[in-house]
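**Student:** Can you keep this structure in mind? I'll have questions shortly.
Residue numbers (full-length UniProt numbering): 1 to 356.
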């Protein structure tokens, strides 16, 4: 994730000024954290930002990675609590319904925090902390939540954070101008967002600035600030890209890992004697087979020109991987089922054919 975000303009990382020491302990009511193979802890990343800042778009991008499991905001639950649209009620009459709605939001966010995941990275859309310090705080400041309700809500927040593991290892703050996100929200025309005013976006922006920039409230973890006034594709296209030869080993490894996880085919290099090495990602094969159909003509052309196949082997004692040649006819039919990463050597170069 950092390999992608660090190549975008307008990205900065800031550490909490007054970070209290935090110890993590296991709780019987909380699923054990795991990277999926039992070798390390899970990393929890919370994506924060104003309405329309691009949180869902960012989650969709990283959801393609095998190492990331995304947990979207449970809006469906908020709009249908046994037939009651709690979000709609709150927007129509915030003074009457703000406490009830935010209390239910807090409950669903605890469920998201304690949700069991198998991937090493858990990417959440917002968190229980933004429900407290952004939306509940804004309702209180605007007079739509009484002081008694505000104090009661905060008491529940503190107690829930003690009972359940609601920690975050990193907050990604998609920082935007209120006018920009207001225009985006009007353009997408969601039913539950009908009637939202520019004033609300300005107030929410100020709450985010108070919390994540000014630290009016304590930060639970470091904050990665991303200028999200442009859409995700524009940000990536305008980012200064390093050439592979200029990358250090860590950057090169991150780039190759990203390319491997998001594409079924990857041209490694065009070697001598008109041969081309092509990496085929056969891991997570159910998703891959669907994507290969979209590149059927190109994929068949590659397989017809195969002269050698190399399969990645386990690491040796010195930590280096060895490649082993495999019989072509026997292996092509089985490579997807085994989920290996395969390097094939194509006799004829791909030329001007677009790679997948």
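The C-beta atom is built at its ideal place from N, Cα and C for all residues, glycine as well.
Since this is a predicted model, take the numbers as computed values, not measurements.
Please report the residue range of the beta strand (DSSP E) in which residue 160 lies.
**Tutor:** Within the chain shown, residue 160 is the residue found at index 160, counting from 1. No beta strand (DSSP E) contains residue 160, which is instead part of the alpha helix (DSSP H) from 147 to 163.
**Student:** I'd like to check one pair, residue 114 with residue 183: are the Cβ atoms closer than 8 Å?
**Tutor:** By one-based count along the chain shown, residue 183 stands at place 183. By one-based count along the chain shown, residue 114 stands at place 114. In this structure, residue 114 does not lie closer than 8 Å to residue 183 by Cβ.
**Student:** Ordered along the chain, which non-local residues of its own chain (more than five positions away) have a Cβ less than 7 Å from that of residue 205?
**Tutor:** Locating residue 205 in the chain shown gives position 205, counting from the first residue. Once the five neighbours on either side are set aside, the close Cβ partners of residue 205 are 50, 178.
**Student:** What residues in its chain sit with their C-beta under 6 Å from that of residue 94, if we drop five residues either side in the sequence?
**Tutor:** Sequence index remark: in the chain shown, residue 94 carries index 94 (1-based). Result list for residue 94: 144, in chain order.
**Student:** Taking only the alpha-carbon atoms, compute the straight-line gap between residue 161 and residue 132 and give it to the nearest angstrom.
**Tutor:** Along the chain shown, read from residue 1 onward, the residue named residue 161 stands at position 161. Along the chain shown, read from residue 1 onward, the residue named residue 132 stands at position 132. C-alpha separation (whole angstroms): 11 Å.
**Student:** Using alpha carbons as the reference points, say which of 125, 140, 194, 150 lies closest to residue 170.
**Tutor:** As a working note, residue 170 is residue 170 in the chain shown. The shortest Cα separation from residue 170 among 125, 140, 194, 150 belongs to 125.
**Student:** Candidates 251, 214, 248, 250: which alpha carbon is nearest residue 16's?
**Tutor:** By one-based count along the chain shown, residue 16 stands at place 16. Ranking the options by Cα distance to residue 16, first place goes to 214.
**Student:** On the premise that residue 188 lies in contact with residue 227, defined as a C-beta separation below 8 Å, what is that separation, rounded to the nearest angstrom?
**Tutor:** Your numbering for residue 227 matches position 227 in the chain shown. Your numbering for residue 188 matches position 188 in the chain shown. Not really, about 21 Å apart at Cβ, beyond 8 Å.
**Student:** Taking the beta strand (DSSP E) that residue 44 belongs to, which residues open and close that run?
**Tutor:** Position 44 of the chain shown, counted from the start, is the residue given in the question as residue 44. Where residue 44 is concerned, the enclosing beta strand (DSSP E) stretches over 43 to 49.
**Student:** Compare the beta carbon distance of residue 220 and residue 129 with 8 Å and say whether it is the shorter of the two.
**Tutor:** Position 220 of the chain shown holds residue 220. Position 129 of the chain shown holds residue 129. The beta carbons of residue 220 and residue 129 sit closer together than 8 Å.
**Student:** Between which two residues does the alpha helix (DSSP H) harbouring residue 202 extend?
**Tutor:** Residue mapping note: residue 202 aligns to position 202 of the chain shown, counting from 1. Counting along the chain, the alpha helix (DSSP H) containing residue 202 begins and ends at 198 to 208.
**Student:** Report the CB separation of residue 123 from residue 69 in whole angstroms; it is logged as a contact under 8 Å.
**Tutor:** As a first step, residue 123 is located in the chain shown; it is residue number 123 there, counting from the start. As a first step, residue 69 is located in the chain shown; it is residue number 69 there, counting from the start. That belief holds up - the Cβ atoms of residue 123 and residue 69 are roughly 7 Å apart, short of 8 Å.
**Student:** Just mark residue 207 as buried or exposed, buried being the case when its beta carbon has 16 or more other beta carbons within 10 Å.
**Tutor:** Here the question's residue 207 lines up with position 207 in the chain shown. Buried, because 16 or more other Cβ atoms sit within 10 Å of the Cβ of residue 207.
**Student:** When you measure from the CB of residue 219 to every non-hydrogen atom of the ligand FMN, does any distance come out below 7 Å?
**Tutor:** Looking for the ligand FMN in the displayed structure turns up nothing, as the structure carries no ligands at all.
**Student:** Answer with buried or exposed for residue 53, where buried requires no fewer than 16 other C-beta atoms within 10 angstroms of its C-beta.
**Tutor:** Locating residue 53 in the chain shown gives position 53, where the first residue counts as 1. Per the 10 Å Cβ criterion, buried.
**Student:** CB-CB under 7 Å to residue 229, same chain, minus the five flanking residues each way: which ones, in chain order?
**Tutor:** Here residue 229 refers to the residue found at position 229 when the chain shown is read from its first residue. For residue 229, where only same-chain residues beyond five positions count, the Cβ hits under 7 Å are 176, 177, 180.
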